[in-house]
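K.L.:
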Amino acid sequence: MRPRRLSAGWRRSSARASWAGDTAAALRLVDDRGAGRDRDLRRGPGVVRRRRRAGARHGVADRGHRVRSRLAPARRVGGQANHSLPRSGRRREAEAPTSDGSSRRAADAVRSGGQILVDQLALNGADLAFCLPGESFLPVLDAIYDSPIKLVSCRHEQGAANAAEAYGKLTGRPGICLVTRGPGATQAAVGVHTARQDSTPMILFAGHVPRGVQGREAWQELDYARVFGGIAKAAWHVDSAARIPEHVARAYSLALSGRPGPVVLALPEDILAETSDATDAAPVRIGQSAPRESDLAALREVLAVAERPLVVVGEGGWTQQTGEDVLAFCETNALPVACAFRCQDFVDNHSPSYAGVLGVAMDDELAARLRDADVVLAVGGRIGEVPTKRYTLLDVPSPQQALVHVHPDPGELGFVYQPDVAIVSTLPEFAKALRTLEPLEPRWNAWTQAARADYEANLRHEPMEGPVDLGEVMAFLHERLPADAIQTCGAGNFTVWAHRFAEFTQYGTQVCPRSGSMGYGIAAGVAAKLVHPDRVVVCFTGDGDFVMSSPEFATAVQYELPIVVLLVNNGMYATIRMHQERLFPGRVIGTTLESPDFPALAEAYGGYGERVERTEDFAAAFERALASGKPALLELPVDPERIS
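Going by the working numbering, 143 is the number at position 143 of the sequence shown; the sequence numbering is gapless.
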């Protein structure tokens with residue numbers, strides 16, 4: 001049977017929309033687009049010129065909305081013909097000011113669900129969103145077109161989620177990630193897991209099948225509550241366009257309150273096309289809790305009898321001022337302070353009180369200092385597996401040390417270790433209160449001085465055999481990089497050099513996954529350069545780590561983000577090889593890597609690439625990378641026998 005030809009008023013786009021589950025929306029789509037599309041279907045030089053102009057304009061917009069002013073309405077080729085949804089209820093209509101100066105939509109403006117969602121994001125201060133586009137949430141993308149939100153289209157959902165998580169670390173505001181349903185959402189799960197482990201505020205908006213087919217295991221259907229329930233603070237789906245303001249407000253509140261973390265909100269496709277006169281919710285404000293006077297008195301009482309105290313700081317909810325306040329308290333009272341894994345930028349590493357980082361491959365002297373302490377003041381951290389060397393430095397559940405644990409989430413106090421003093425407080429408020437305490441009479445000056453001396457001794461490195469000495473590379477970067485330079489990394493043994501020999505003086509300059517997620521560093525570098533375009537951003541990666549996220553180097557090229565990638569190449573998955581050789585000596589399998597020509601790959605993406613063959617060549621190569629003005633990659637070959 002021959003297929004029936006479609007009449008002139010119908011197009012195949014309507015068939016696709018109908019198949020997706022919303023026939024009515026498909027018909028509206030054709031009605032709204034008909035006239036403009038018919039004009040574009042005609043041939044001739046005028047049409048070609050219009051298409052070229054449209055393509056050029058959208059090409060610029062895809063590189064970050066750099067040309068179009070946000071103060072002027074977007075000019076569309078063919079007028080309203082390119083819009084898939086009615087344009088009623090745009091931000092210029094029916095807005096009411098709020099007490100904080102932002103504008104909220106009054107109830108008489110009809111908008112699509114996608115527009116309502118984007119308006120809620122803008123009201124809550126979202127200025128950047130990372131996505132991998134999908135047809136399940138096209139109304140959201142269309143609404144972003146006219147919004148103040150900058151959209152960054154990544155190459156993989158993992159990269160988009162990692163970039164959003166890094167944004168949350170850098171700003172303290174929820175990172176926004178948009179992905180499609182099913183495989184799109186599951187591929188973003190690694191970023192959600194990192195946000196959970198690292199206590200980072202983040203919201204993943206994922207497409208969802210229309211309401212009419214839910215529960216049938218429809219195409220790309222996912223039970224979001226079950227799939228993400230164990231790694232997100234909460235996961236659910238929107239049930240109507242009218243309730244989108246409520247759902248988004250709840251997502252922001254959950255992501256920011258208590259222990260910050262990720263929230264997953266699924267968006268049924270038909271709801272995004274549905275219209276409503278919903279009123280915007282107010283911007284979310286998170287209350288701050290302060291320590292009670294009795295809490296501070298108990299803390300002072302414990303410290304008053306201490307002889308070997310140690311302060312440990314780390315994880316979410318931190319600020320630059322928080323670090324300064326905590327460090328001022330430590331210096332006033334000669335208290336040593338250590339940072340949890342990959343939280344080295346929480347306090348100034350040059351302080352005489354700074355004792356190092358409780359991380360992977362931690363200094364043996366610092367590990368012994370935590371084990372031998374008689375009082376531990378943990379400010380913010382969960383006191384997890386890495387800082388305690390697999391729970392061996394503190395006894396579970398009742399440590400021998402007197403433990404004072406401060407955390408904004410009461411559920412974290414006593415979760416593993418039972419504290420002697422449990423203080424529920426947001427960290428900025430607690431740090432501020434510390435500065436009001438009367439100084440102690442420390443008996444532990446020698447203890448603190450020894451801790452500092454051990455840290456400084458650990459900064460010295462022995463010469464490393466092989467083409468490039470990573471200790472010398474880190475020494476150069478220490479002298480060359482400005483104090484506000486941002487360092488990102490993924491996971492692998494190469495990070496040991498970056499963590500051991502890097503020194504930080506400002507919060508927000510170390511952006512690394514405490515979850516140990518490979519493939520994180522390049523996406524984090526993209527986010528860092530977008531948030532702080534005037535800062536130097538250096539991404540540490542390995543040959544195995546980079547291949548997991550190399551497409552995001554293309555994202556950096558597209559958005560003209562001149563990050564510098566330092567790729568350590570040892571020809572293997574070195575962390576796994578190290579444990580493999582320890583447990584099964586001489587039986588190497590599955591850990592050897594054959595890699596591409598990394599500098600050529602960087603240049604193929606449109607960036608700068610160079611292989612550094614000798615340690616003494618690194619400084620000049622680094623300057624060339626910076627001067628290129630492009631995303632740059634420097635490959636650093638190292639001796640495979642020097643795994644760590």
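Beta carbons are placed, not taken as given, at the ideal position from N, Cα and C, and that holds for glycine.
1) To which residues of the same chain is SER425 closer than 7 Å at the C-beta, ignoring the five residues directly before and after it?
2) Check each candidate in ILE576, ILE144, SER136 and name the one with the smallest Cα separation from ALA266.
3) I'd like the span of the alpha helix (DSSP H) that includes CYS330, first residue to last.
4) How is the beta strand (DSSP E) around ARG611 delimited, first residue to last?
5) Label THR592 either buried or exposed according to how many other C-beta atoms from any shown protein chain fall within 10 Å of its C-beta, with 16 as the threshold for buried.
6) With burial defined as no fewer than 16 other Cβ atoms inside 10 Å of the residue's Cβ, what is the status of GLY89: buried or exposed?
7) Could you tell me which residues DSSP puts in a beta bridge with SER112?
8) To the nearest angstrom, how far is it from the Cα of ASP295 to the Cα of ILE423?
9) Within a Cβ cutoff of 8 Å, which residues of the same chain sit near VAL337, ignoring the five residues on either side of it in sequence?
10) Per DSSP, HIS350 is paired with what?
11) List, from N- to C-terminal side, the beta strand (DSSP E) runs of 3 residues or more that fit wholly inside the region 520-562.
12) Using only CA atoms, which one of VAL379, ASN458, ASN333, GLY359 lies nearest to THR448?
13) Name, in chain order, the residues that DSSP records as bridge partners for LEU633.
14) Pick out the complete beta strand (DSSP E) segments inside the region 340-426, 3 residues or longer, and give them in chain order.
15) With a threshold of 6 Å on Cβ separation, who are the neighbours of HIS208 within its own chain once the five nearest residues in sequence on each side are excluded?
16) Can you tell me whether SER153 is helix, strand or coil according to DSSP?
17) Comparing C-alpha positions only, which one of VAL375, ALA225, GLY380, GLU301 sits nearest to GLY258?
18) Helix, strand or coil for ALA433 per DSSP?
19) Please report how far the alpha carbon of GLU581 lies from the alpha carbon of THR171, in whole angstroms.
20) Applying the 10 Å Cβ sphere with the 16-neighbour rule, what's the burial state of THR388?
21) Under the DSSP definition of a beta bridge, which residues are partnered with ALA129?
22) Express the C-alpha separation of GLY544 and PRO596 in angstroms, rounding to a whole number.
23) By how many angstroms is the C-alpha of THR200 removed from the C-alpha of MET578?
24) Beta-carbon within less than 6 Å of ARG611's beta-carbon, same chain only, minus the 5 sequence neighbours each way: which residues are those?
25) I'd like the ranges of any beta strand (DSSP E) spanning at least 3 consecutive residues and lying wholly in the region 240-299.
26) Rounding to the nearest angstrom, what Cα-Cα distance links ALA556 and ILE563 in this structure?
27) Does DSSP put MET202 in a helix, a strand or coil?
28) Give the secondary structure of GLY184 by DSSP, where H, G and I count as helix, E and B as strand, and everything else as coil.
29) Can you tell me which of the three DSSP states ALA338 falls into?
30) Tell me which residues share the same chain as ASP363 and place their Cβ nearer than 6 Å to its Cβ, disregarding the 5 neighbours each side in the sequence.
31) Quickly, what does DSSP pair HIS237 with across the bridge? List them, please.
32) Give the range of the alpha helix (DSSP H) segment to which THR495 is assigned.
33) What does LEU310 pair with, by DSSP beta-bridge criteria?
34) Would LEU583 be called buried (16 or more neighbouring beta carbons within 10 Å of its own) or exposed?
35) Name, in chain order, the residues that DSSP records as bridge partners for ILE486.
36) Indicate the three-state DSSP secondary structure (helix, strand or coil) for GLY471 in the structure shown.
P.N.:
On the basis of the supplied data:
1) On the sequence shown, position 425 is the one that residue 425 refers to. Within the same chain, SER425 has close Cβ partners SER289, ALA290, PRO291, VAL406, PRO408.
2) Looking up residue 266 in the sequence shown gives position 266. Selected option, being the one with the closest Cα: SER136.
3) As a first step, residue 330 is located in the sequence shown; it is residue number 330 there, counting from the start. Taken as a continuous stretch (DSSP letters only), the alpha helix (DSSP H) holding CYS330 covers 320-332.
4) Locating residue 611 in the sequence shown gives position 611, where the first residue counts as 1. Annotation: the continuous beta strand (DSSP E) that includes ARG611 extends over 608-611.
5) Translated into the one-based positions of the sequence shown, residue 592 becomes position 592. Exposed is the call here.
6) Translated into positions along the sequence shown, residue 89 becomes position 89. Residue confidence for GLY89 is low, a pLDDT of 36 falling below 50, so the modelled location carries little weight; the figure read from the coordinates is stated next. When all chains shown are included, GLY89 counts as buried.
7) As a working mapping, residue 112 is identified with position 112 in the sequence shown. Note: SER112 sits in a beta bridge opposite THR275.
8) Counting from one through the sequence shown, the residue named residue 295 turns up at place 295. Counting from one through the sequence shown, the residue named residue 423 turns up at place 423. The alpha-carbon atoms of ASP295 and ILE423 are separated by roughly 6 Å.
9) What you label residue 337 is simply residue 337 of the sequence shown in a count that begins at 1. Cβ neighbours of VAL337 beyond the five flanking positions: LEU310, VAL311, VAL312, VAL313, VAL326, LEU327, CYS330, VAL347, SER351, SER353, TYR354, ALA355.
10) Here residue 350 refers to the residue found at position 350 of the sequence shown. In DSSP, HIS350 forms no bridge with anything.
11) 537-542
12) Counting from one through the sequence shown, the residue named residue 448 turns up at place 448. The option with the nearest alpha carbon to THR448 is ASN333.
13) By 1-based counting over the sequence shown, the position of residue 633 is 633. Bridge partners of LEU633: VAL565, GLY609.
14) 354-358, 375-379, 402-407, 421-424
15) The residue you call residue 208 lines up with position 208 of the sequence shown. Closer than 6 Å at the Cβ level, and outside the excluded window around HIS208, lie ARG181, HIS237, ALA266, LEU267, PRO268.
16) Along the sequence shown, one-based indexing puts residue 153 at 153. In this structure, SER153 counts as strand in the three-state DSSP scheme.
17) The count along the sequence shown starts at 1 and reaches residue 258 at position 258. When only C-alpha atoms are compared, the closest one is GLY380.
18) On the sequence shown, residue 433 is found 433 positions in, with the first residue counted as 1. The answer is helix: DSSP assigns ALA433 an H, G or I state.
19) Locating residue 581 in the sequence shown gives position 581, where the first residue counts as 1. Locating residue 171 in the sequence shown gives position 171, where the first residue counts as 1. Rounded to whole angstroms, GLU581 to THR171 spans 41 Å at the Cα level.
20) Stepping through the sequence shown from its first residue, residue 388 is reached at position 388. By the beta-carbon neighbour count (other beta carbons within 10 angstroms, threshold 16), THR388 is buried.
21) To locate residue 129, count along the sequence shown from 1; it is residue 129. Note: ALA129 sits in a beta bridge opposite LEU151, ILE176.
22) Taking the first residue of the sequence shown as 1, we reach residue 596 at position 596. Taking the first residue of the sequence shown as 1, we reach residue 544 at position 544. Straight-line Cα distance between these residues: approximately 11 Å.
23) Counted from its first residue, the sequence shown places residue 578 at position 578. Counted from its first residue, the sequence shown places residue 200 at position 200. Going from the Cα of MET578 to the Cα of THR200 covers about 30 Å.
24) Counting from 1 along the sequence shown, the entry for residue 611 is found at position 611. Excluding the 5 residues flanking it on each side, ARG611 has same chain C-beta neighbours closer than 6 Å at PRO599, GLU635, in chain order.
25) 262-268
26) Here residue 556 refers to the residue found at position 556 of the sequence shown. Here residue 563 refers to the residue found at position 563 of the sequence shown. Roughly 7 Å separates the two Cα atoms.
27) Here residue 202 refers to the residue found at position 202 of the sequence shown. Looking at MET202 - three-state DSSP - the assignment turns out to be strand.
28) Numbered from 1 along the sequence shown, position 184 holds the residue referred to as residue 184. Residue state, collapsed to three classes: helix.
29) Residue mapping note: residue 338 aligns to position 338 of the sequence shown, counting from 1. Of the three classes helix, strand and coil, the one that applies to ALA338 here is strand, per DSSP.
30) Within the sequence shown, the letter at position 363 stands for residue 363. Cβ within range, chain order: GLY356, ASN458.
31) Mapped onto the sequence shown, residue 237 falls at position 237. HIS237 is bridged by DSSP to ALA266.
32) Along the sequence shown, one-based indexing puts residue 495 at 495. Looking at the DSSP string, the run of the alpha helix (DSSP H) that includes THR495 is 495-501.
33) Locating residue 310 in the sequence shown gives position 310, counting from the first residue. Bridge partners of LEU310: VAL376.
34) Your numbering for residue 583 matches position 583 in the sequence shown. It counts as exposed.
35) Taking the first residue of the sequence shown as position 1, residue 486 is located at position 486. Residue pairing by DSSP puts ILE486 in a beta bridge opposite VAL537.
36) Walking along the sequence shown from the start, residue 471 turns up at place 471. Helix, per DSSP.
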